[in-house]
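Contents: one structure, followed by commentary.
There are 2 protein chains.
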Amino acid sequence: MNLSELGEGGAIARMAEILQPGGLPPGWIGIGDDSAVTDLDPGAGESLAGPPGATVEARRSKVLTTVDMLVEGVHFRTETTSAADLGWKALAVNVSDVFATGGHPLWAVVAIALRGDLPAAWLDDLYRGLREAAARFACPIVGGDTVGTPGPLALSVTVVGTAACPRLRSSARPGDILAVTGPIGLSAAGLWALGHRDAPLPPDLRERAQQAHRRPLPPGYSSELATRERMALMDDSDGLGTSARQIAVASGVQVVVDASRLDVADDVASVAAVAGRDPLEWRLWGGEDYGLIAAISPQEPLPSGFRSVGRIETGQGAWLESSAGRTPLERGGFRHF
Amino acid sequence: MNLSELGEGGAIARMAEILQPGGLPPGWIGIGDDSAVTDLDPGAGESLAGPPGATVEARRSKVLTTVDMLVEGVHFRTETTSAADLGWKALAVNVSDVFATGGHPLWAVVAIALRGDLPAAWLDDLYRGLREAAARFACPIVGGDTVGTPGPLALSVTVVGTAACPRLRSSARPGDILAVTGPIGLSAAGLWALGHRDAPLPPDLRERAQQAHRRPLPPGYSSELATRERMALMDDSDGLGTSARQIAVASGVQVVVDASRLDVADDVASVAAVAGRDPLEWRLWGGEDYGLIAAISPQEPLPSGFRSVGRIETGQGAWLESSAGRTPLERGGFRHF
């Protein structure tokens, strides 16, 4: 079997299986969630993480670490993505992972493999995009490695953050509300718009959609979220459908997405109407919006910025429920190999 | 100007210039040393780092972060480097950076861009090599990203560590001894041996040299080093010559390497004799030994494992001193673009 046959999911599963045979120090959480969860003092164990509401000193916080690799020709093309947008996005997607683990980012390091034929001004623009995102998310870039490559550009960003009480994908419980932030699907709509410059989209709509794709703005982990006793949390980087499946597996529950709640008249629907596309497809499988997806107890009001798109039930798997009945949410996300 | 003309040094300089225009929180150290130095509480500033000898609580330690990118065809070839050795080395080089900043590693994350045509067993071996190094250096791998690439393999490892009192390249003072650990140049000798399977090297010598290249073993930051009041410290990843130049610039001093002190009868000299090469070339420019290079006050004995190879003087630049006089240490290290 080669890696194309194994697929990205298989490769990650092998990684977790081989790299963590003996487990990690108590209280640490490794491969599988949006960020890894660790302590500066591995011996201190579980007691270091405080529950919400407790007086949590800064030194008791957990450390979050997350990394993403972006490869030219797979995740972006220099012909269609500006260097500055690439820099912004490379940092934003990792900041999103930290928010999605219930933390806030502290600093980042960047490793870049560059083609020698690129103009030096391209690199300056990449750094400027990184700097703009670093300022926006209060996440300075403190270190880096720059090397040459004969092949496609590759860019790896690692963000370190902190969380008083990390939020995981595995905390969903039957009865919870499935809720999301933001105009889910707008990044996919923006990607379509970027590829169809002549399509008759109103300029402000085009701009909003393209901006959502080029400069995603993760909503942050609010103090309102931090007061909740329990929630499952992740970001929608791979689309709501994929996220729903991942929450179902991690929490051992059934996730039901309500199609009627996704059928709203918003920018995504407007672009889809011009494109002749089904907006539901973008909402479920587009991804890259970098909003938050949460499973939250129904006994409290929804946090501001969130809206309900489904519910958690006893069982397994992820389902799309519409007037036509329930169908499995089965289309896999983007296949990387 | 394109990136080939700018070069790696130029690209890193641009990164530091553009990404850190407004500086970092007090006490943080960004791009330019072996590891970045930060705090979990950016507001706490300089006071968080304790001097050697002080009662330094774990929570007062600084956090170190370092990242390296390895690219197929530039830093390794799958034909000559086994997947397991690549995994080991990818972690070891970053652990070395943490040691070289006076710290110890805590955890790592790994990002991998894979060619789909590689066998799945190759990936398993890579993970096994990473696991072996993680166990050896007490640095578990807690997270990762795995993506596909149409081009060369790329592997980026980030290590997070901690240091009570970070050591920098900028702390050398005139009068200091320049000292190194290990059989400097042995990795380059091993690389030569790996490329000359038929060369008449004694099997045990060949094995030691090849092992130094395939499985570098950074010596660690010892408690003996930690008690020193002051030292400049870095690793020799790019060779003693390059390191000497970097210490000279960072500390604003002149670094003098004494050629006679490098002229020792060791494994490097033995391989060089068979190869018909000048061992000094390997010692100065071979790099990848991942030993430590220090500038240490002459008023204390050399720490165990170190030997003197030169001295720090008032002035600037790095020089090689031999019976024939002083010549500038001018050959650049490996040029990546």
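Residue numbers (the numbering used here), protein chains in the order written: chain A, 1 to 337; chain B, 1001 to 1337. All residues carry an ideal CB built from backbone N, CA and C; glycine is no exception. Treat the numbers as computed from the prediction; the structure is a model and nothing was measured.
>> Whole angstroms are fine: how far does the CA of residue 1318 of chain B sit from the CA of residue 1245 of chain B?
In response: Taking the first residue of the second sequence as 1, we reach residue 1245 of chain B at position 245. Taking the first residue of the second sequence as 1, we reach residue 1318 of chain B at position 318. Each residue's Cα considered, the two are about 5 angstroms apart.
> Taking just the CA atoms, how far does residue 1207 of chain B sit from residue 1193 of chain B?
Replying inline: To locate residue 1193 of chain B, count along the second sequence from 1; it is residue 193. To locate residue 1207 of chain B, count along the second sequence from 1; it is residue 207. Cα-Cα distance, rounded: 9 angstroms.
> With burial defined as no fewer than 16 other Cβ atoms inside 10 Å of the residue's Cβ, what is the status of residue 24 of chain A: buried or exposed?
Replying inline: Here the question's residue 24 of chain A lines up with position 24 in the first sequence. Under this definition residue 24 of chain A is a buried residue.
> Exposed or buried, what is residue 1001 of chain B when buried is set at 16 or more other beta-carbons lying within 10 Å of its beta-carbon?
Replying inline: Reading the second sequence from its first residue, position 1 is the one you call residue 1001 of chain B. Residue 1001 of chain B sits exposed, since fewer than 16 C-beta atoms from the chains shown fall within 10 Å of its C-beta.
> Which residues mark the beginning and the end of the beta strand (DSSP E) in which residue 148 of chain A is found?
Replying inline: Position 148 of the first sequence holds residue 148 of chain A. DSSP places residue 148 of chain A inside the beta strand (DSSP E), whose first and last residues are 141-148.
> When the distance is taken between beta carbons, is residue 1062 of chain B closer than 9 angstroms to residue 1076 of chain B?
Replying inline: Residue mapping note: residue 1076 of chain B aligns to position 76 of the second sequence, counting from 1. Residue mapping note: residue 1062 of chain B aligns to position 62 of the second sequence, counting from 1. No, Cβ-Cβ distance for residue 1076 of chain B and residue 1062 of chain B is not below 9 angstroms.
>> Using only the alpha-carbon positions, how far apart do residue 265 of chain A and residue 273 of chain A sit?
In response: Translated into positions along the first sequence, residue 265 of chain A becomes position 265. Translated into positions along the first sequence, residue 273 of chain A becomes position 273. In a straight line, the C-alpha of residue 265 of chain A is about 10 angstroms away from that of residue 273 of chain A.
> Do you know whose CA, among B:1183, B:1034, B:1256 and B:1315, lies nearest residue 1322 of chain B's CA?
Replying inline: For the purposes of this step, residue 1322 of chain B is taken as the residue at position 322 of the second sequence. Ranking the options by Cα distance to residue 1322 of chain B, first place goes to B:1256.
>> Can you pull out the residues from the stretch 1004-1023 of chain B whose beta carbon lies closer than 8 angstroms to at least one beta carbon of chain A?
In response: Along the stretch 1004-1023 of chain B, the positions whose C-beta sits under 8 angstroms from a C-beta of chain A are 1004, 1005, 1006, 1008, 1010, 1011, 1012, 1014, 1015, 1018, 1019, 1020 and 1021, read in chain order.
>> For residue 1148 of chain B and residue 1298 of chain B, what's the separation of their Cα atoms in angstroms?
In response: As a first step, residue 1148 of chain B is located in the second sequence; it is residue number 148 there, counting from the start. As a first step, residue 1298 of chain B is located in the second sequence; it is residue number 298 there, counting from the start. Just so you know, the alpha carbons of residue 1148 of chain B and residue 1298 of chain B end up roughly 52 angstroms apart.
> Are the C-beta of residue 127 of chain A and some C-beta of chain B separated by less than 9 angstroms?
Replying inline: The count along the first sequence starts at 1 and reaches residue 127 of chain A at position 127. At least one chain B Cβ lies under 9 angstroms of residue 127 of chain A.
> Going along chain A in order, which residues have a C-beta closer than 9 angstroms to the C-beta of residue 1112 of chain B?
Replying inline: Here residue 1112 of chain B refers to the residue found at position 112 when the second sequence is read from its first residue. Those are 11, 15 and 69, listed as they occur along chain A.
> Quick one: which chain A residues come within Cβ less than 7 angstroms of residue 1028 of chain B?
Replying inline: Taking the first residue of the second sequence as position 1, residue 1028 of chain B is located at position 28. Ordered by position in chain A, the residues that pass the 7 angstroms Cβ test against residue 1028 of chain B are 142.
> Under 9 angstroms Cβ-Cβ, which residues of chain A neighbour residue 1131 of chain B?
Replying inline: Position 131 of the second sequence, counted from the start, is the residue given in the question as residue 1131 of chain B. Chain A residues near residue 1131 of chain B: 18, 19, 20 and 21.
> Just curious, the beta strand (DSSP E) that residue 235 of chain A is in, first and last residue?
Replying inline: In the first sequence, the residue the question calls residue 235 of chain A occupies position 235. 231-235 is the extent of the beta strand (DSSP E) around residue 235 of chain A.
> Got a sec: is the Cβ-Cβ distance from residue 54 of chain A to anything in chain B below 9 angstroms?
Replying inline: Walking along the first sequence from the start, residue 54 of chain A turns up at place 54. Unreliable positioning characterises residue 54 of chain A in this predicted model, as indicated by a pLDDT of 43, which lies under 50. The coordinate reading is nonetheless provided below. No, residue 54 of chain A lies away from the interface with chain B (no Cβ there is under 9 angstroms from its Cβ).
>> At the 9 angstroms Cβ level, is residue 115 of chain A part of the contact set with chain B, yes or no?
In response: Translated into the one-based positions of the first sequence, residue 115 of chain A becomes position 115. Chain B contact via Cβ: present.
> Using a C-beta to C-beta distance shorter than 8 angstroms, which residues of chain A count as neighbours of residue 1061 of chain B?
Replying inline: What you label residue 1061 of chain B is simply residue 61 of the second sequence in a count that begins at 1. Chain A residues near residue 1061 of chain B: 40.
> Quick one: is residue 1079 of chain B near chain A, going by C-beta distance under 9 angstroms?
Replying inline: Indexing the second sequence from 1 puts residue 1079 of chain B at position 79. No - not a single Cβ of chain A is within 9 angstroms of the one on residue 1079 of chain B.
>> For residue 1302 of chain B, count the other beta carbons within 10 Å of its own beta carbon; 16 or more makes it buried, fewer makes it exposed. Which is it?
In response: The residue given as residue 1302 of chain B occupies position 302 in the second sequence. When all chains shown are included, residue 1302 of chain B counts as exposed.
>> Against residue 1118 of chain B, what residues of chain A qualify as contacts under a CB-to-CB distance less than 8 angstroms, listed in chain order?
In response: Your numbering for residue 1118 of chain B matches position 118 in the second sequence. Residues of chain A with a Cβ closer than 8 angstroms to the Cβ of residue 1118 of chain B are, in chain order, 2 and 3.
> Alpha carbon to alpha carbon, how far is residue 6 of chain A from residue 1311 of chain B?
Replying inline: For the purposes of this step, residue 6 of chain A is identified with residue 6 of the first sequence, where counting begins at 1. For the purposes of this step, residue 1311 of chain B is identified with residue 311 of the second sequence, where counting begins at 1. C-alpha of residue 6 of chain A to C-alpha of residue 1311 of chain B: approximately 54 angstroms in a straight line.
>> For a contact defined as C-beta to C-beta under 7 angstroms, what are the partners of residue 1198 of chain B on chain A?
In response: Counted from its first residue, the second sequence places residue 1198 of chain B at position 198. Against chain A, the beta carbon of residue 1198 of chain B has no neighbour under 7 angstroms; the closest one sits roughly 29 angstroms away.
> Can you name the residues of chain A whose CB is closer than 8 angstroms to the CB of residue 1296 of chain B?
Replying inline: Here residue 1296 of chain B is taken as the residue at index 296 of the second sequence, counted from 1. Below the 8 angstroms Cβ cutoff, chain A contributes no neighbours of residue 1296 of chain B, its closest Cβ being approximately 25 angstroms away.
> Is the CB of residue 1058 of chain B under 9 angstroms away from at least one CB in chain A?
Replying inline: The sequence position of residue 1058 of chain B within the second sequence is 58, counting from 1. Here the model assigns residue 1058 of chain B a pLDDT of 41, short of 50, so the residue's position is not dependable and the matter cannot be decided.
> Would you say residue 1213 of chain B reaches chain A, if we count a Cβ-Cβ gap shorter than 9 angstroms as a contact?
Replying inline: Your numbering for residue 1213 of chain B matches position 213 in the second sequence. Interface residue (Cβ-Cβ distance to chain A less than 9 angstroms): residue 1213 of chain B is not classified as such.
>> Using 8 angstroms for Cβ pairs, my map puts residue 1018 of chain B next to residue 197 of chain A. What's the rounded Cβ distance?
In response: Taking the first residue of the second sequence as position 1, residue 1018 of chain B is located at position 18. Taking the first residue of the first sequence as position 1, residue 197 of chain A is located at position 197. In fact, because the Cβ distance is near 30 angstroms, the residues do not count as touching under 8 angstroms.
> When you compare each of A:103, A:98, A:67 and A:81 to residue 223 of chain A by their alpha carbons, which one comes out closest?
Replying inline: Numbered from 1 along the first sequence, position 223 holds the residue referred to as residue 223 of chain A. The option with the nearest alpha carbon to residue 223 of chain A is A:103.
> Along chain B, which residues have their Cβ under 7 angstroms away from the Cβ of residue 184 of chain A?
Replying inline: Along the first sequence, read from residue 1 onward, the residue named residue 184 of chain A stands at position 184. Those do not exist, as residue 184 of chain A stays about 23 angstroms from chain B at its closest Cβ, beyond 7 angstroms.
> Looking at residue 1014 of chain B and residue 133 of chain A, is the spacing between their C-beta atoms short of 9 angstroms?
Replying inline: For the purposes of this step, residue 133 of chain A is identified with residue 133 of the first sequence, where counting begins at 1. For the purposes of this step, residue 1014 of chain B is identified with residue 14 of the second sequence, where counting begins at 1. Contact flag unset, no.
>> For a minimum of 3 consecutive residues, which ranges assigned as the beta strand (DSSP E) are wholly contained in the stretch 301-331 of chain A?
In response: Runs found: 306-313, 317-322 and 325-328.
>> Using C-beta distances below 8 angstroms, list every residue in its chain close to residue 260 of chain A, excluding the 5 sequence neighbours before and after it, in chain order.
In response: Here residue 260 of chain A is taken as the residue at index 260 of the first sequence, counted from 1. Taken in chain order, the residues that qualify are 322 and 323.
>> Would residue 1201 of chain B and residue 1209 of chain B be called neighbours here (beta carbons separated by less than 9 angstroms)?
In response: Start at 1 with the first residue of the second sequence, and residue 1201 of chain B comes out as number 201. Start at 1 with the first residue of the second sequence, and residue 1209 of chain B comes out as number 209. Yes. Within cutoff.
> Going along the chain, which residues of its own chain have a beta-carbon closer than 6 angstroms to the beta-carbon of residue 1315 of chain B, five neighbours each way excluded?
Replying inline: Counted from its first residue, the second sequence places residue 1315 of chain B at position 315. Cβ within range, chain order: 1254.
>> If distances are taken between C-alpha atoms only, which option among B:1295, B:1145, B:1150 and B:1269 comes closest to residue 32 of chain A?
In response: For this step, residue 32 of chain A is matched to residue 32 along the first sequence. Per the C-alpha coordinates, the member of B:1295, B:1145, B:1150 and B:1269 positioned closest to residue 32 of chain A is B:1145.
> What residues in the stretch 143-176 of chain A bring their beta carbon closer than 8 angstroms to a beta carbon of chain B?
Replying inline: Going along the stretch 143-176 of chain A in chain order, one finds 143, 144, 145, 146, 147, 148, 149, 150, 151, 152, 154, 156, 158, 160 and 162 with a Cβ nearer than 8 angstroms to chain B.
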